[in-house]
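Here's the structure, in structure tokens; my notes come after.
2 protein chains.
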Amino acid sequence: MYMTTSFHPPQRILMGPGPSDVNPRVLAAMARPTLGHLDPEFIRMMDEVKALLKYAFQTQNEMTFAVSAPGSAGMECCFVNLVEPGDTVVVCQNGVFGGRMKENVERCGGTAVMVQDAWGEPVDVDKVAAALRTHPNTKIVAFVHAETSTGARSDAQAIVALAQQHGALTIMDAVTSLGGIPVTMDAWGVDAVYSGSQKCLSCSPGLSPVSFGERAIEKIKARTSKVQSWFLDLQLVMSYWGGEGKRAYHHTAPINLLYGLHEALVILQEEGLEAAWARHARNHQALLAGFEAMGLEFVVREAYRLPQLNAVSVPDGVDEAAVRAALLRDYSLEIGAGLGAMAGKIWRVGLMGHASNPKNVYTCLGAMDAVLSAMKAPVKSGVAVAAAKQVYANAV
Amino acid sequence: MYMTTSFHPPQRILMGPGPSDVNPRVLAAMARPTLGHLDPEFIRMMDEVKALLKYAFQTQNEMTFAVSAPGSAGMECCFVNLVEPGDTVVVCQNGVFGGRMKENVERCGGTAVMVQDAWGEPVDVDKVAAALRTHPNTKIVAFVHAETSTGARSDAQAIVALAQQHGALTIMDAVTSLGGIPVTMDAWGVDAVYSGSQKCLSCSPGLSPVSFGERAIEKIKARTSKVQSWFLDLQLVMSYWGGEGKRAYHHTAPINLLYGLHEALVILQEEGLEAAWARHARNHQALLAGFEAMGLEFVVREAYRLPQLNAVSVPDGVDEAAVRAALLRDYSLEIGAGLGAMAGKIWRVGLMGHASNPKNVYTCLGAMDAVLSAMKAPVKSGVAVAAAKQVYANAV
Numbered sequence: 001m002y003m004t005t006s007f008h009p010p011q012r013i014l015m016g017p018g019p020s021d022v023n024p025r026v027l028a029a030m031a032r033p034t035l036g037h038l039d040p041e042f043i044r045m046m047d048e049v050k051a052l053l054k055y056a057f058q059t060q061n062e063m064t065f066a067v068s069a070p071g072s073a074g075m076e077c078c079f080v081n082l083v084e085p086g087d088t089v090v091v092c093q094n095g096v097f098g099g100r101m102k103e104n105v106e107r108c109g110g111t112a113v114m115v116q117d118a119w120g121e122p123v124d125v126d127k128v129a130a131a132l133r134t135h136p137n138t139k140i141v142a143f144v145h146a147e148t149s150t151g152a153r154s155d156a157q158a159i160v161a162l163a164q165q166h167g168a169l170t171i172m173d174a175v176t177s178l179g180g181i182p183v184t185m186d187a188w189g190v191d192a193v194y195s196g197s198q199k200c201l202s203c204s205p206g207l208s209p210v211s212f213g214e215r216a217i218e219k220i221k222a223r224t225s226k227v228q229s230w231f232l233d234l235q236l237v238m239s240y241w242g243g244e245g246k247r248a249y250h251h252t253a254p255i256n257l258l259y260g261l262h263e264a265l266v267i268l269q270e271e272g273l274e275a276a277w278a279r280h281a282r283n284h285q286a287l288l289a290g291f292e293a294m295g296l297e298f299v300v301r302e303a304y305r306l307p308q309l310n311a312v313s314v315p316d317g318v319d320e321a322a323v324r325a326a327l328l329r330d331y332s333l334e335i336g337a338g339l340g341a342m343a344g345k346i347w348r349v350g351l352m353g354h355a356s357n358p359k360n361v362y363t364c365l366g367a368m369d370a371v372l373s374a375m376k377a378p379v380k381s382g383v384a385v386a387a388a389k390q391v392y393a394n395a396v
Numbered sequence: 001m002y003m004t005t006s007f008h009p010p011q012r013i014l015m016g017p018g019p020s021d022v023n024p025r026v027l028a029a030m031a032r033p034t035l036g037h038l039d040p041e042f043i044r045m046m047d048e049v050k051a052l053l054k055y056a057f058q059t060q061n062e063m064t065f066a067v068s069a070p071g072s073a074g075m076e077c078c079f080v081n082l083v084e085p086g087d088t089v090v091v092c093q094n095g096v097f098g099g100r101m102k103e104n105v106e107r108c109g110g111t112a113v114m115v116q117d118a119w120g121e122p123v124d125v126d127k128v129a130a131a132l133r134t135h136p137n138t139k140i141v142a143f144v145h146a147e148t149s150t151g152a153r154s155d156a157q158a159i160v161a162l163a164q165q166h167g168a169l170t171i172m173d174a175v176t177s178l179g180g181i182p183v184t185m186d187a188w189g190v191d192a193v194y195s196g197s198q199k200c201l202s203c204s205p206g207l208s209p210v211s212f213g214e215r216a217i218e219k220i221k222a223r224t225s226k227v228q229s230w231f232l233d234l235q236l237v238m239s240y241w242g243g244e245g246k247r248a249y250h251h252t253a254p255i256n257l258l259y260g261l262h263e264a265l266v267i268l269q270e271e272g273l274e275a276a277w278a279r280h281a282r283n284h285q286a287l288l289a290g291f292e293a294m295g296l297e298f299v300v301r302e303a304y305r306l307p308q309l310n311a312v313s314v315p316d317g318v319d320e321a322a323v324r325a326a327l328l329r330d331y332s333l334e335i336g337a338g339l340g341a342m343a344g345k346i347w348r349v350g351l352m353g354h355a356s357n358p359k360n361v362y363t364c365l366g367a368m369d370a371v372l373s374a375m376k377a378p379v380k381s382g383v384a385v386a387a388a389k390q391v392y393a394n395a396v
């Protein structure tokens, strides 16, 4: 048999839609000795992860923890626990992930009422209001705060307020927003939220931070049918993560990955949420100035742009895949392609968490300039870095 | 706000029911630079993981990969894909995990026909035959190959042969068996199997290797209802893991954890499956000799004992939790408690993967002797290590 040898990955700069660059402190934390999942030392660390996640989400919710699987499972955890067969759920779709929410609602036996907006646009709050008027029995409104597929930010506060007026709960996708832009769960009154470890938290992928408020828990406790997923059944999971004395075994937690999330959250706390948000905004402004100086156009209107995910249109006649391949080959730099309706039309350039820094902004602008110029793309060469530099100079 | 600091876990010896000690090479692999989940280098590594898992499971099944979540999710992946509403499933229960299978069947809308055996006993094949005769419309037989809660091994080959005679598929739990005792999926004709990364593979927890054969895939393709889990829907997951050219984004794979699994499987391949099985058997014999010399009794009859999970009865009058606490405090040694019906009555001493070595056998015997003697437990002191040593001497 052919003998496989150890894998030694190249060192990339990850400026796609996630995973983003992982802080070396996080990588080091993941390599620390494995503990048992009921070890008192590990349980102490879990308590710290809970407290740190409360800070990150800006919530006091006791039911705040990390699902032992990627963001897609965090999404499913919210839906399978909150949606009962027959429930009407208003799902706002303005990109890929609203579509995934619809799949979740339907697989839970619910009815999804879709509120559609163009990809790249935020959720239109008026359309949500209309849907709630037309469907007065709506139990839940689900929306994506920061659409990873387009780079658009929606007005979470307005959507949540509207849902509350109609007596509906809210499920918010904060996969790409958490740590990059303000997510203030309690102030907004969000009932359930999920995120991912690998975006603005700069941890390795594989964990999904979630939080559930009291109204969400009431709905779960009042269920007349069992949650269809045993693995994601909140009442079972919380017997392990919960703070009420004895920890009951539910599943084996991903120990070393949780060390990584702990370290990532410690780093976030050291910097401070406000400082992290400001850093994401500043580096975005610099990248924006550079791209615009080159003549590249942003997909999302200024007021709704995510600083951590910059969607730019591929110039006419440019082979977008060839550009990404050249960036990866010659600069070990990863940027993202478009998804779904935007495949082939946009690039998605992430500036998330640890990766949101001036070095990456300059590297990306320089490399894009070089690659696009070499392909004779219709862009202005030699101006991007200076434009970015000016932004940093003004910010000081 | 209270500032949380970095977490530095103590170095344990993990001789519980899992996670087991992680090979330092695996820890080092997990700390390597994170790649994007669609990076060509990462996809090449995924292909190697698939090939290595085929070797570990002894199968040619193309649909062999690692679910991006712990073993409980691997179990759920098998059930949600294979069990359709209305299906009758014979579930063999002789410990905790058969009960979890029942939960899975019912949450999928199936009917579980339970075949009960005493905890610590193997599955009684005659009872399975009787259940299949009584329920001729059975679609699936589900059983646990190696019961982690009791340390009992069941006769997988006989159960699978019986299911085939009755036209039923099989789902096998190989969480604790894979890598520790023979698991020969194709030779036995198992249709679907799941395992965990953190037992005899000695990787960190958080991944669940699975494999599906042709008959299982046929049943999945013939489904008239959607799989209730989007995250675990095999046809979607395999568009990412599959070998048919283009890789479609489904979810973000746990990159660094998969580096760890890759390294763990490379180590297994270097040693060779047969050598790993022999090593597990040898260290078990030494531990057994030591425990028996002390006067400790094994729960499981000799013919059905798992070498990687040694369940021993707690002597009369001994506070089992105090013993485990002393082992952890004074020797940084973790052994497991009993679960469910066996809570308080047994210890579970794992010798899994990297942790299955003479050093751990001697450490455990010496520490148990010291702790039990100090508690004036009814055991014979000062003889265990010599008894184990004799086993190793005879094995040379």
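Protein chains in written order, with my numbering: chain A, 1 to 396; chain B, 1 to 396. Heads up, the beta-carbon is just placed ideally off N, CA and C, and yes, glycines get one too. If you're wondering where the values come from, they're calculated on a predicted model, not measured in any experiment.
With distances taken Cα to Cα, identify the nearest neighbour of residue i among the options.
i	options	result
P205(B)	Q60(B), K376(B), P19(B)	P19(B)
H251(A)	S72(B), A56(B), Q58(B), M3(B)	S72(B)
E218(B)	E48(B), G295(B), V115(B), N81(B)	N81(B)
R301(A)	T150(A), E84(A), F143(A)	T150(A)
A276(B)	E214(B), A355(B), V67(B)	A355(B)
A152(A)	L162(A), V175(A), K139(A)	V175(A)
S225(B)	R324(B), T111(B), P85(B)	P85(B)
H145(B)	V123(B), A384(B), A112(B), Y362(B)	V123(B)
A387(A)	A293(A), Y304(A), A343(A)	A293(A)
L132(A)	Q165(A), A66(A), A325(A)	Q165(A)
A163(B)	D186(B), K54(B), P136(B)	P136(B)
E13(A)	K389(A), N360(A), S68(A)	According to the sequence as given, residue 13(A) is Ile; it is not Glu. Comparing Cα positions, the closest option is N360(A).
Answer yes or no: do residue i and residue j have a C-beta to C-beta separation smaller than 9 Å?
i	j	result
V210(B)	L169(B)	no
R348(B)	G16(B)	yes
V379(B)	L296(B)	yes
G242(A)	G213(A)	no
L201(B)	L261(B)	yes
E106(A)	L232(A)	no
L27(A)	T34(B)	yes
M375(A)	V318(A)	yes
V83(A)	N104(A)	yes
Would you kindly report the start and end of the unbroken alpha helix (DSSP H) that includes residue i?
i	result
V26(B)	24-30
F42(B)	40-57
Q164(A)	156-165
S211(B)	Taken as a continuous stretch (DSSP letters only), S211(B) belongs to no alpha helix (DSSP H), being part of the beta strand (DSSP E) at 208-212.
V125(B)	125-134
Y331(B)	320-331
M75(B)	71-82
D186(B)	185-188
V237(B)	234-241
K102(A)	96-107
A386(A)	384-395
L35(B)	Per DSSP, L35(B) belongs to no alpha helix (DSSP H) and is neither H nor E.
Y259(B)	255-271
Once DSSP output is grouped into helix, strand and coil, what is the label at residue i?
i	result
P358(B)	helix
Q228(B)	coil
F7(A)	coil
R348(B)	strand
L178(B)	strand
M375(A)	coil
T363(B)	helix
R282(B)	helix
Since residue i sits in a beta bridge, which residues does DSSP pair it with?
i	result
F298(B)	V312(B)
E334(A)	L14(A)
A112(B)	V89(B)
T64(A)	S211(A)
M172(A)	F143(A), V193(A)
Is residue i close to chain E? Criterion is C-beta to C-beta, closer than 9 Å.
i	result
C200(B)	Within the model displayed, chain E is absent; protein chains A and B are what it includes.
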